[in-house]
Structures are given as structure tokens and as C-alpha cells.
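Student: Our numbering numbers the first residue of the sequence shown as 1028 and each following residue consecutively.
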Amino acid sequence: SRDNPVHIWDAFTGACQGSYCAYTDAEELTAGYSVGFDNRAPYIYVGFNNQIRVYAIDRPGRQHTSIKTFKRANRETTGQRGIVSCISFNPDKSGLFAAGSYSRNVGLYDGGTGKLLYNLQGHRGGVTQAEWSRDGQYLFTGGRKDDEILCWDVRNTGDVLLRLPRAVTTNQRILFDLDHSGRFVITPSLSSDPSLLVYDLWAQVGEAGAEPVARVPCPALANGVQIHPTLPLLAVSTGARRFPLPGEDEDDAAAAAAAAGGKRARG
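1. How many Å lie between R1029 and T1057 at the Cα?
2. Who are the near neighbours of S1130 in its chain, counting only those whose CB is closer than 8 Å to its CB and skipping five residues on each side?
3. Would the segment 1177-1188 and the segment 1196-1211 be scored as touching if the rule is three or more Cβ pairs under 8 Å?
4. Among residues of its own chain, excluding the 5 on either side of Q1078, which ones have a beta-carbon nearer than 7 Å to its beta-carbon?
5. Going residue by residue through the segment 1105-1190, where are the continuous beta strand (DSSP E) segments of at least 3 residues, counting only ones entirely within it?
6. With distances taken from CA atoms, which of S1061, D1174, G1163 is nearest D1119?
7. Using a Cβ distance threshold of 8 Å, determine whether the segment 1204-1213 contacts the segment 1239-1254, with at least three qualifying pairs required.
8. Just to confirm, does T1257 get its C-beta within under 7 Å of one of the non-hydrogen atoms of the ligand HEM?
9. From which residue to which residue does the beta strand (DSSP E) around G1251 run?
10. Where L1144 and G1134 are concerned, what is the direct C-alpha to C-alpha distance, given to the nearest angstrom?
11. So what does DSSP say about E1234, is it helix, strand or coil?
12. Compute the Euclidean distance between the alpha carbons of G1088 and V1225, then round it to the nearest angstrom.
13. Which value, in whole angstroms, describes the spacing of the CA atoms of Y1047 and P1192?
14. Among D1137, S1112, Q1044, which residue has its Cα nearest to the Cα of L1123?
15. Just reading off the beta strand (DSSP E) that S1208 is part of, what are its end residues?
16. Could you check if H1150 is buried or exposed, using at least 16 other CB atoms within 10 Å of its CB as the buried criterion?
17. Find out if the Cβ-Cβ distance for the pair G1041, S1061 is shorter than 8 Å.
18. If you measure between the beta carbons of P1221 and L1248, is that distance less than 8 Å?
19. In this structure, does DSSP put T1092 in helix, strand or coil?
20. Can you list, in chain order, the residues of its chain with a C-beta nearer than 6 Å to that of E1054? Leave out the 5 residues immediately preceding and following it.
21. Got a sec? Which residues, its chain only, sit under 7 Å from H1091 by beta carbon, not counting five neighbours each side?
22. So, T1197 versus R1161, is the Cβ gap smaller than 8 Å?
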């Protein structure tokens, strides 16, 4: 959260196991924008503006190593510009990880050296999520104010392999998920008729992109989904931020938002 360090919590007891702090050059505490666990070693990667900081999990505090994602030298710029908004490690444990940026690009990095291997371009909005297929050969990315989830083949990077349309009209982080078999992608869609879209990745893909095989109506605006890894269960989070109108206080805004959600649920 804002102006706070990264905390690691015990998933069973709820106890805080450690805090990892980041400071600016002026020695002011600053917060990260994203976190990701290294699936090969006990490290946590935290995204900042133009850099990723790497902390050893067993050494809480401020000590870290830095991966500079964007560099300036002799009036030349190299690397991946912008705030690192999401980090995801390839499940094949090769050390390859993806880092999305609010500057509408996705970097593929070597976790061992921190070297940028590829800089994927194609999103129209800031990237907010990166998810790998189970075999680690495909990367799915989604962004804010971007109406497509993009699929990349990391064996042949550069071109978009598949486009999955959805409606994302705000800067809110809208989270999708892949099922355990790797066949289906489920994502919220913030259209005038809120729904969950289900895509079959094994189906034939047209020139304009894939078509959903199912649309599941939602009683309220959904902003994220999570598929259980072994059971036939789907978790859906709903809600959207609503700012008070002129002459309206926060309690009135909350009541209006609740009433709107109730109308959608009854409809």
C-alpha cells in the first residue's frame, strides 16, 4: 500500500513474517507497485518506476539488489520504460520472468542476470497483469483501458499470437485467469451488460480474434476472477470505486453504490 513497505504474512496464522523497505535517494520511505515470488529461490521481486528491487525473504529490511529496467546514457535510452506494474515468473523454473509496465509494454527478463531479453509491444493501455500457461510456453497479458488480452508465444516473440476481446473502459485492474487444464481463459468484461467471458483456447481463431464460447451474466461489475486449481470452483470479486458527486458526502455515495449493486443483483 502507499508509503508502506512490503509485508510477508504467514498464510496459516496470519502473523507478519517480515517487512521489506524501499527508500528514495532522499531517504523517504516509498512503496512498490507490484510483487512476485521467484519460484527457484527464496527471493521476492518488487516493481518500482524504471527498476525492480530483489529482496532475500530470510533477510527482512532494506538490503536489496536492483535491476534497472530503463537506462539513460549519452542521450540514449535503453530498456523498458515506466512503472513495473506486475511481475510473473515462468512456471518451468527456467528463471525467465515477465514484467508488465504502465507504459504499455512487457519485458521478458533473465532472473539470474537481470538482463532484458525481449520488450513486447502491442498493448493500447498500461499492462496490469501477466499470466503464464502451465507449460511456460505462452504468456497472457492484459491492461487497463485496453479491450484485449494478448497471448504471446515466448518461443517466437515479437508478434501477438492471439487476441481475446473484452471491455475494459477504466484504469481499474481487471484480473483474468486460466483454468488448470490450460484450455480456458475467463475474464470479466465491463460492458453495458456486465458479464464473464469464457474463451476456449483450443477452438479455431478467426482473423479478428477469438470469440467467447460462453457469457456468464454478473449481478454487479466484476473486477477479478480466480479459478480453483483442483476443484470446480470459481471466485469472483465485484465492485467499482464511486466518487461523491458535488453536494454528496461519502456516506451518500456508498449508499448509492450499494443500491446500484442491489438493482443489478435483482435484475
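Yeah, the Cβ is synthetic: ideal placement off N, Cα and C, and Gly gets one too.
Tutor: With the structure as the only source:
1. Position 2 of the sequence shown, counted from the start, is the residue given in the question as residue 1029. Position 30 of the sequence shown, counted from the start, is the residue given in the question as residue 1057. Distance between R1029 and T1057, taken at the CA atoms: about 7 Å.
2. Counting from one through the sequence shown, the residue named residue 1130 turns up at place 103. Closer than 8 Å at Cβ, skipping near neighbours: Q1107, R1108, G1109, I1110, G1153.
3. Note that the segment 1177-1188 does not touch the segment 1196-1211; fewer than 3 beta-carbon pairs, one per stretch, sit closer than 8 Å.
4. As a position in the sequence shown, residue 1078 is number 51, starting the count at 1. Answer for Q1078: S1093, I1094, K1095, T1096, listed in chain order.
5. As far as the segment 1105-1190 is concerned, its whole beta strand (DSSP E) runs of at least 3 residues are 1111-1116, 1123-1128, 1132-1137, 1143-1148, 1154-1159, 1165-1170, 1175-1180.
6. Walking along the sequence shown from the start, residue 1119 turns up at place 92. It is G1163.
7. Yes: the two stretches touch, three or more of their Cβ pairs being nearer than 8 Å.
8. Only the bare structure without any ligand can be found here, which leaves the ligand HEM out of the picture.
9. Start at 1 with the first residue of the sequence shown, and residue 1251 comes out as number 224. G1251 -> beta strand (DSSP E) spans 1249-1254.
10. In the sequence shown, residue 1144 corresponds to position 117, counting from 1. In the sequence shown, residue 1134 corresponds to position 107, counting from 1. Cα to Cα, L1144 sits roughly 7 Å from G1134.
11. Residue mapping note: residue 1234 aligns to position 207 of the sequence shown, counting from 1. Bear in mind that a pLDDT of 47 at E1234, under 50, signals an unreliable position, so the number given afterwards is only what the model happens to contain. Collapsing the DSSP output to three states places E1234 in coil.
12. Stepping through the sequence shown from its first residue, residue 1088 is reached at position 61. Stepping through the sequence shown from its first residue, residue 1225 is reached at position 198. If you take the alpha carbons of G1088 and V1225, they lie about 42 Å apart.
13. Numbered from 1 along the sequence shown, position 20 holds the residue referred to as residue 1047. Numbered from 1 along the sequence shown, position 165 holds the residue referred to as residue 1192. Each residue's Cα considered, the two are about 38 Å apart.
14. Against the sequence shown, residue 1123 aligns to sequence position 96. Looking only at D1137, S1112, Q1044, the smallest Cα-Cα distance to L1123 is reached by D1137.
15. Locating residue 1208 in the sequence shown gives position 181, counting from the first residue. Note, S1208: premise wrong, no beta strand (DSSP E); not H, not E.
16. Reading the sequence shown from its first residue, position 123 is the one you call residue 1150. Burial call: buried.
17. Numbered from 1 along the sequence shown, position 14 holds the residue referred to as residue 1041. Numbered from 1 along the sequence shown, position 34 holds the residue referred to as residue 1061. Not a contact, by the Cβ cut-off of 8 Å.
18. The residue labelled residue 1221 in the question sits at position 194 within the sequence shown. The residue labelled residue 1248 in the question sits at position 221 within the sequence shown. Result yes, Cβ atoms of P1221 and L1248 sit closer than 8 Å.
19. Walking along the sequence shown from the start, residue 1092 turns up at place 65. Strand.
20. As a first step, residue 1054 is located in the sequence shown; it is residue number 27 there, counting from the start. Correct list: empty, nothing qualifies.
21. Along the sequence shown, read from residue 1 onward, the residue named residue 1091 stands at position 64. Closer than 7 Å at Cβ, skipping near neighbours: R1080, V1081, Y1082.
22. Stepping through the sequence shown from its first residue, residue 1197 is reached at position 170. Stepping through the sequence shown from its first residue, residue 1161 is reached at position 134. No, the pair does not count as a contact, with Cβ atoms beyond the cut-off.
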